[in-house]
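Just so we're aligned, residue 356 is where the sequence shown starts under the working numbering, counting upward by one.
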Amino acid sequence: MSRVRFAPGWSAEPFWWEEAPRPAPPPEPAPLPARIEVLIVGAGFTGLAAALVLARAGREVLVLDAGPPGFGASSRNGGMVGHGHRVPYDDLVRRHGERVADGLIREGLNALRHTTALIERESIDCRFQRTGRFRAAWRAADFDRIAREVEHQSRRFGFEAEVVPRDRQDQEVATGRYHGGCIYHEHGGLHPGLFHDGLLARAEAAGARIVGWTTAIGIDREAEGFAVRTRRAKVRARHVIVATNGYGNEASGEAGRQVAPIPSFIIATARLGANRVRSLIPGRRMIVESRAAHCYYRPSPDGERILFGARAALHMVSPERAAKRNLGYMLSLFPDLWDVELTHSWSGWVAFTRSLLPAIGVRDGIHYAMGYNGSGVAMAPYLGHRIAHKLLDDAEGRTAFDDLPFRTWPLHGVLPFARPLAGAWHRFKDWRDGS
Numbered sequence: 356m357s358r359v360r361f362a363p364g365w366s367a368e369p370f371w372w373e374e375a376p377r378p379a380p381p382p383e384p385a386p387l388p389a390r391i392e393v394l395i396v397g398a399g400f401t402g403l404a405a406a407l408v409l410a411r412a413g414r415e416v417l418v419l420d421a422g423p424p425g426f427g428a429s430s431r432n433g434g435m436v437g438h439g440h441r442v443p444y445d446d447l448v449r450r451h452g453e454r455v456a457d458g459l460i461r462e463g464l465n466a467l468r469h470t471t472a473l474i475e476r477e478s479i480d481c482r483f484q485r486t487g488r489f490r491a492a493w494r495a496a497d498f499d500r501i502a503r504e505v506e507h508q509s510r511r512f513g514f515e516a517e518v519v520p521r522d523r524q525d526q527e528v529a530t531g532r533y534h535g536g537c538i539y540h541e542h543g544g545l546h547p548g549l550f551h552d553g554l555l556a557r558a559e560a561a562g563a564r565i566v567g568w569t570t571a572i573g574i575d576r577e578a579e580g581f582a583v584r585t586r587r588a589k590v591r592a593r594h595v596i597v598a599t600n601g602y603g604n605e606a607s608g609e610a611g612r613q614v615a616p617i618p619s620f621i622i623a624t625a626r627l628g629a630n631r632v633r634s635l636i637p638g639r640r641m642i643v644e645s646r647a648a649h650c651y652y653r654p655s656p657d658g659e660r661i662l663f664g665a666r667a668a669l670h671m672v673s674p675e676r677a678a679k680r681n682l683g684y685m686l687s688l689f690p691d692l693w694d695v696e697l698t699h700s701w702s703g704w705v706a707f708t709r710s711l712l713p714a715i716g717v718r719d720g721i722h723y724a725m726g727y728n729g730s731g732v733a734m735a736p737y738l739g740h741r742i743a744h745k746l747l748d749d750a751e752g753r754t755a756f757d758d759l760p761f762r763t764w765p766l767h768g769v770l771p772f773a774r775p776l777a778g779a780w781h782r783f784k785d786w787r788d789g790s
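1. Excluding the five sequence neighbours on either side, which residues of its own chain have a C-beta within less than 6 Å of the C-beta of E392, listed in chain order?
2. Whole angstroms is fine: what's the gap from I715's alpha carbon to E453's?
3. Taking only the alpha-carbon atoms, compute the straight-line gap between E751 and H722 and give it to the nearest angstrom.
4. Is it true that the region 559-577 meets the region 444-459, where meeting means three or more beta-carbon pairs spaced less than 8 Å apart?
5. Distance, Cα to Cα, R441 vs L711?
6. On the DSSP bridge list, what partners appear for H699?
7. Where do the N-terminal and C-terminal ends of the alpha helix (DSSP H) with H740 fall, by residue?
8. Report yes if the C-beta distance between G553 and C481 is below 8 Å; otherwise report no.
9. Among the candidates P765, V519, G544 and F400, whose CA atom is the shortest distance from the CA of A615?
10. Which of helix, strand or coil does DSSP assign to H451?
11. Is the separation between the beta-carbon of A678 and that of V408 shorter than 8 Å?
12. Comparing alpha-carbon positions, which option in D748, P654 and W701 lies nearest G628?
13. In this structure, does DSSP put R593 in helix, strand or coil?
14. Got a sec, what are the start and stop residues for the beta strand (DSSP E) T585 sits in?
15. Applying the 10 Å Cβ sphere with the 16-neighbour rule, what's the burial state of D719?
16. Let me know the secondary structure DSSP gives E374 once reduced to three states.
17. Output yes or no for whether 8 Å exceeds the beta carbon distance between H699 and I622.
18. Just to confirm, are V705 and I617 a CB contact at a threshold of 8 Å?
19. Could you pull the start and end residues of the alpha helix (DSSP H) that D497 belongs to?
20. Give the straight-line distance between the Cα atoms of A560 and L403, rounded to the nearest whole angstrom.
21. Tell me the residue span of the beta strand (DSSP E) that contains A664.
22. Please list the terminal residues of the continuous beta strand (DSSP E) segment that includes V359.
23. Considering only C-alpha positions, which residue in the set I538, H534, Y533 and H670 is nearest to K485?
24. Do A428 and G703 count as a contact pair if the criterion is CB distance below 8 Å?
25. On a CA-only basis, which of N728, L464 and G638 is nearest F707? Give me that one, please.
26. Is it right to say D420 is buried, meaning 16 or more other beta carbons lie within 10 angstroms of its own, or is it exposed?
27. Alpha helix (DSSP H) containing G608: first to last residue?
28. Measure the alpha-carbon distance for R646 versus A472 and round it to whole angstroms.
29. With 16 other CB atoms within 10 Å as the buried threshold, where does K589 fall?
30. Is DSSP giving L669 helix, strand or coil here?
31. Go ahead and pull the three-state DSSP assignment for G397.
32. Residues in the same chain with beta-carbon distance under 6 Å from G611, minus the five sequence neighbours each way, listed in chain order, please.
33. Under three-state DSSP, which class holds G544?
34. List the DSSP bridge partners of V643.
35. Quick check: what's the CA-CA separation for A410 versus V595?
36. What would DSSP say about D575, mapped onto helix, strand or coil?
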């Protein structure tokens with residue numbers, strides 16, 4: 356394992372907060388209404404997208420967040436915009452049949468196209484670029500599977516994808532560790548902190564109230580709706596949407612038991628210069644891998660650095676320890692970066708469902724959307740939009756995910772204790788497969 360060289364003044368906060376810092380707590384907390392028509396728990400991409408739809412439909416909307424809005428995964432992720440979910444088509448067919456599988460794949464494409472259209476329609480300056488994404492095959496068997504998927508899905512669903520054999524992969528990434536891969540041309544990258552700030556500004560302009568530093572601790576059913584208990588006061592609401600994803604607590608209720616929070620860790624290099632970055636990632640694409648560690652990396656929006664993420668552990672570890680493991684992954688691909696300094700090492704919680712498909716619906720009268728399995732930049736705004744229309748009881752609220760069974764994690768309370776064992780298993784699998 357390589358020794359980490361931290362730059363002077365390195366930060367354990369997200370790189371994105373340099374340009375889009377989270378606000379400091381106000382001297383006095385914002386007042387809370389005694390009653391509201393719609394209360395949304397969670398002010399990330401999902402909650403803000405839902406608030407935007409509902410406020411523009413004339414509903415009174417209050418969005419609560421336990422910390423500064425966007426403090427969670429919405430401003431901590433890698434900023435990769437892809438087509439929604441990670442389950443291979445063949446697996447979906449085996450589980451659900453061809454008709455349902457087709458609908459689930461189309462939802463992923465809908466999410467990608469909805470979110471990119473949202474950015475353009477709302478003129479959100481979040482450094483979005485349609486760079487394409489290179490999906491790298493860690494093993495030869497992975498390449499064969501990826502090639503089959505691309506051939507079938509590009510023909511069946513009409514999205515732009517291209518198989519890249521091993522002898523051409525140096526046009527995408529300067530490492531010999533992969534066995535080829537594919538390019539998804541419609542995918543891209545953005546600055547998630549600026550995207551969140553843009554969504555928040557649009558929701559507030561539409562009339563939604565966004566209140567941070569107000570933790571919801573429980574939701575009780577009442578005759579005319581719900582009483583949402585917070586650490587400050589109780590707010591009664593006609594409707595409630597839970598949009599906490601991996602940052603839920605007891606207020607998420609039964610819906611929150613569908614997701615298991617798993618940490619992801621990202622490092623940012625010091626400025627390498629655009630030429631050096633381009634020599635490593637010639638197409639400036641987003642890069643993801645097929646191995647269990649699920650390394651993902653990209654140039655920074657200005658092309659001067661590399662941001663490198665991975666499952667350095669399946670339980671929360673220190674920024675220093677995570678940086679050491681992520682740097683090891685990065686140097687195994689790019690040994691010429693042995694002299695690199697790191698300026699940031701941070702983490703965030705990703706929410707996984709048992710099916711690896713998003714969860715959206717209504718449970719005990721409470722609307723929810725969550726469980727993006729590491730693909731939330733496109734899917735979260737899309738399902739926030741859909742859950743708002745579901746609450747409005749119109750046809751645009753319908754999704755192919757609605758008919759999936761409601762599946763909670765067994766022994767949900769002991770999941771935190773199981774994460775270290777699961778992490779060791781994934782590292783063993785990567786070692787066995789040649790990592």
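Yeah, the Cβ is synthetic: ideal placement off N, Cα and C, and Gly gets one too.
On the basis of the coordinates in this document:
1. R414, E415 and R593
2. 21 Å
3. 15 Å
4. no
5. Computed Cα separation, rounded: 7 Å.
6. S366 and A623
7. G731 to L746
8. yes
9. P765
10. helix
11. Judged by their CB atoms, A678 and V408 are not nearer to each other than the 8 Å cut-off.
12. P654
13. strand
14. G580 to T585
15. exposed
16. E374: coil per DSSP, three-state reduction.
17. Contact flag set, yes.
18. yes
19. It spans A495 to F512 - the alpha helix (DSSP H) in which D497 sits, taken as one unbroken run.
20. 12 Å
21. According to the sequence provided, residue 664 is Gly. The question's Ala does not apply to it. Taken as a continuous stretch (DSSP letters only), the beta strand (DSSP E) holding G664 covers I661 to A665.
22. In the DSSP annotation of this structure, V359 is not part of any beta strand (DSSP E), being labelled neither H nor E.
23. A small fix is needed here, since residue 485 is Arg in this sequence, not Lys. Answer by Cα proximity: I538.
24. yes
25. Per the Cα distances, N728.
26. With 16 or more other Cβ atoms within 10 Å, it is buried.
27. Element bounds for G608: G608 to G611.
28. 31 Å
29. exposed
30. coil
31. coil
32. G603
33. strand
34. R490 and Y651
35. 14 Å
36. strand
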